[in-house]
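S.K.:
Number of protein chains: 2
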Amino acid sequence: MDKLYNWVKERGPICLGLDTALEYIPESIRSRHINKEDQIFAFNRGIIEATKDIVASYKVQIAYYEAEGIQGLMAYKKTLDYIKANKVPVIADIKRGDISKTAQMYAKAHFSGDFEVDAITVNMYMGTDTIEPYYEYLKKGKGIFVLLKTSNPRSGDIQNIKTQTGEFVYHEIMKLLDKKGKELLGQSHYSPIGAVVGCTHPEDGVAIREYMKNTFFLIPGYGAQGGKPQDVVKYLINGNGGIINSSRGLILAYKKETWKGLKFDEAARKATIEMKDTILQQLKLITQG
Amino acid sequence: MDKLYNWVKERGPICLGLDTALEYIPESIRSRHINKEDQIFAFNRGIIEATKDIVASYKVQIAYYEAEGIQGLMAYKKTLDYIKANKVPVIADIKRGDISKTAQMYAKAHFSGDFEVDAITVNMYMGTDTIEPYYEYLKKGKGIFVLLKTSNPRSGDIQNIKTQTGEFVYHEIMKLLDKKGKELLGQSHYSPIGAVVGCTHPEDGVAIREYMKNTFFLIPGYGAQGGKPQDVVKYLINGNGGIINSSRGLILAYKKETWKGLKFDEAARKATIEMKDTILQQLKLITQG
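Residue numbers (numbering that gives the first Met the number 0), protein chains in the order written: chain E, 0 to 288; chain V, 0 to 288.
1) Counting only C-beta atoms, is E/I119 closer than 8 angstroms to chain V at any point?
2) Do E/P132 and E/M0 have their beta-carbon atoms positioned less than 8 angstroms apart in this structure?
3) Does the structure place the region 219-229 of chain E close enough to the region 244-253 of chain E that three or more beta carbon pairs sit under 8 angstroms?
4) Give the secondary structure of V/K181 by DSSP, where H, G and I count as helix, E and B as strand, and everything else as coil.
5) What in chain E is Cβ-close to V/A289, meaning under 7 angstroms?
6) Given that V/N296 touches chain E, what residues does it touch there, using C-beta distances under 7 angstroms?
7) When you compare the CB of E/E325 with every CB in chain V, is at least one pair closer than 8 angstroms?
8) Comparing the C-beta of V/D203 with each C-beta of chain E, is any distance below 8 angstroms?
9) Which bits of chain V does E/K161 rub up against, with CB to CB less than 7 angstroms?
10) Can you list, in chain order, the residues of its chain whose CB lies under 7 angstroms from that of E/S56, leaving out five sequence neighbours each side?
11) Could you check whether E/T127 and V/R153 sit closer than 8 angstroms to each other, using their CB atoms as the reference points?
12) Using 8 angstroms as the threshold, is the region 67-84 of chain V in touch with the region 20-40 of chain V, meaning 3 or more CB pairs across them?
13) Return the residue from the list V/G222, V/Q281 and V/L235 that minimises the CA-CA distance to V/A270.
14) Looking only at its own chain, which residues have a Cβ that is under 7 angstroms from the Cβ of E/Y210, when we skip the five neighbours before and after it?
15) Answer yes or no: does any C-beta atom of chain E fall closer than 8 angstroms to that of V/L146?
16) Taking 8 angstroms as the CB-CB cut-off, is V/M211 touching chain E?
17) Return the CA-CA distance between V/K138 and E/A66, expressed in angstroms with no decimal places.
18) Can you confirm whether the region 212-221 of chain E touches the region 229-239 of chain E when touching is taken to mean that 3 or more C-beta pairs between the two stretches lie within less than 8 angstroms?
19) Tell me which residue opens and which closes the beta strand (DSSP E) that E/D92 is part of.
20) Residue range of the beta strand (DSSP E) that V/S56 falls in?
21) If you compare alpha carbons, which of V/Q70, V/K94 and V/K161 is closest to E/A62?
22) Using the Cβ count rule (16 or more neighbours within 10 Å means buried), how would you classify V/T363?
23) Residues of chain E with CB closer than 8 angstroms to the CB of V/N151, please, in chain order.
24) Could you name the residues of chain E that V/M315 contacts, counting a contact when the two beta carbons are closer than 9 angstroms?
25) Starting from E/L261, trace the beta strand (DSSP E) both ways and give me its first and last residue.
26) I'd like the list of long-range same chain contacts for E/G142, defined as Cβ closer than 7 angstroms, with 5 residues on each side in sequence excluded.
27) Grab me the residues of E/T169's own chain with a C-beta within less than 6 angstroms of its C-beta, minus the 5 sequence neighbours each way, in chain order.
28) Check the C-beta distance from E/I24 over to E/F42 and give it rounded, since I have them as a contact under 8 angstroms.
29) Shorter than 8 angstroms from the beta carbon of V/F215 to some beta carbon of chain E?
30) Taking V/L176 as the query, report the chain E residues whose CB atoms sit under 9 angstroms from its CB, ordered along the chain.
31) Just to make sure I have the definition right: I need the residues of chain E whose C-beta is within less than 9 angstroms of the C-beta of V/G11. Which are they?
32) Drop a sphere of 10 angstroms on the beta-carbon of V/L284, count the other beta-carbons inside from all chains shown, and report buried for 16 or more, exposed for fewer.
33) At 7 angstroms on the CB atoms, spell out the chain E contacts of V/D264, in chain order.
34) May I ask you to list the residues that DSSP assigns as paired with V/I157?
35) Rounded to whole angstroms, what is the Cα-Cα separation between E/T277 and E/D230?
36) Which partner residues does V/G241 have in the DSSP bridge list?
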């Protein structure tokens, strides 16, 4: 998380999501490559080359690669390798969650070997014992982002069930994470246990930020899912402490009227700069206000 | 679920879990195969050949294969192909859960292509919209098992938080699933939306069974995790309506004193028969009592 903090400080809080579906890939790439693996990787490489100096991290959503089977996962591995070669922090959006013995396997899978990344997203509906196997990796510089309040429309179905104390279910998880996170803090300001807090439900997000001062946020929901710049800045602390993810809004920029005529990678760069400028502008407004 | 119902009727309720870690593989296989992919697949093929006439289904826990990277996932694919060639129902224990757009990708990944299976496990902490993308596949004969009350020691951390109505969080999910399941029932007795209900918390399991008459259960936690035969039978209805999973208890039987000297596949067969007989015996006791 310290690594992410420093990257945000230098580059601003943009996390670019590589949710690369086959149908997102332009004809120019498809015509040059026969197999899916090469098509997906060529697209991702183009996006990474065009944005690697202006983002704080990449988030790779594994579902899009699993959907293409072995070839998709080969492209997934190549994409991770390419990001790591460029030394940009990379988060695997895998949302895994399982019993301790199985979580050990997920930790091995995503914190070592073919699919090694800096941080992963995890789901702790199954309980605190399902995230403990990750702790040994956290001590070695890895990070986890636990799902707290997600960005999808029906996220409240379970997360916002009212408990006996009048709070929401996600509050209970927040308290568990905050406590455990503080134990693992060490010398740094941010704990290696981060939280996923979507920016489409700002009332919940602001309450969570208020409570969790030492927790780094992965903030999905911006753009295509409806999250707004004036809301998302409230999730940060002095412009840091979180990364704001956009996936389709950036990688599909070339399909938008605004960037018409640009190549997919040029459009992604323009859209990323625009997103970053908009957010930095909002941050200025609140610090001045 | 109808398919599973019929298999349980013919074969009894055993689901064999292929949680194949590299260190579980005996020297006899390691010495014959150089790479991980071949070792894992040779082990699984041996287990499948020895048990395919006495189980109702196989459950393959993907984490163990992800942990070995691309080679592991190649072995995963081969294992699924081998089970399908033998026409035994196969469940992918993947516990995925994500926003609608991403869940569409997971559905594509596990209900078609390289990794196609009959049913998958899913986590709906993120809300009802995260399971909707699976419905179109359910209409074509696929199934999902949603995590309700899991078998791990700390499963109560979130699942058993008391709500404002004095019930548990998992009760809310149970009601949502039961309602949706009934809508999708069609001509069959069991809905294509099943539930994961671990047998290590029998008081919760019995309450869930009481409420959900049309829901097929995937029941983990037997054996190695502490689930007992006298408890697990209470999760069934007339000996059907659920499959009881055991993984390490069966695939590692060759390491136990009882089966000493037997080959890993022979030991797995003996252990599977013993588990089945023990459970059928208990079922007899309760129908007679």
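We put the CB at the ideal spot given by N, CA and C, even for glycine.
M.R.: According to the structure shown:
1) no
2) no
3) yes
4) helix
5) One cannot answer for residue 289 of chain V here, as it falls past the ends of chain V, which runs 0 to 288.
6) Residue 296 of chain V lies beyond the residue range present for chain V, which begins at 0 and ends at 288; the question has no answer from this structure.
7) This structure leaves residue 325 of chain E out entirely; chain E is present only between 0 and 288.
8) no
9) T162 and Q163
10) L3, W6, C14, V87, P88, V89, I90 and I242
11) yes
12) yes
13) V/G222
14) M173 and D177
15) yes
16) no
17) 20 angstroms
18) yes
19) V89 to R95
20) S56 to Q60
21) V/K94
22) Past the edges of chain V, shown from 0 to 288, lies residue 363 of chain V, and the structure says nothing about it.
23) I98, S99, M125, G126, D128 and T129
24) There is no way to answer for residue 315 of chain V, as the model of chain V reaches only from 0 to 288.
25) Run containing E/L261: none; DSSP gives neither H nor E here.
26) M0, D117, A118, P191 and G193
27) A small fix is needed here, since residue 169 of chain E is Tyr in this sequence, not Thr. Counting only Cβ-Cβ distances below 6 angstroms, and skipping sequence neighbours, we find L147, K148 and Q158.
28) 5 angstroms
29) no
30) Simply none; closest approach about 11 angstroms.
31) None at all; the shortest Cβ gap to chain E is about 25 angstroms.
32) exposed
33) Correct list: empty, because the minimum Cβ distance to chain E is about 22 angstroms.
34) In the DSSP output, where bridge partners are listed per residue, V/I157 has none listed.
35) 12 angstroms
36) V/F216
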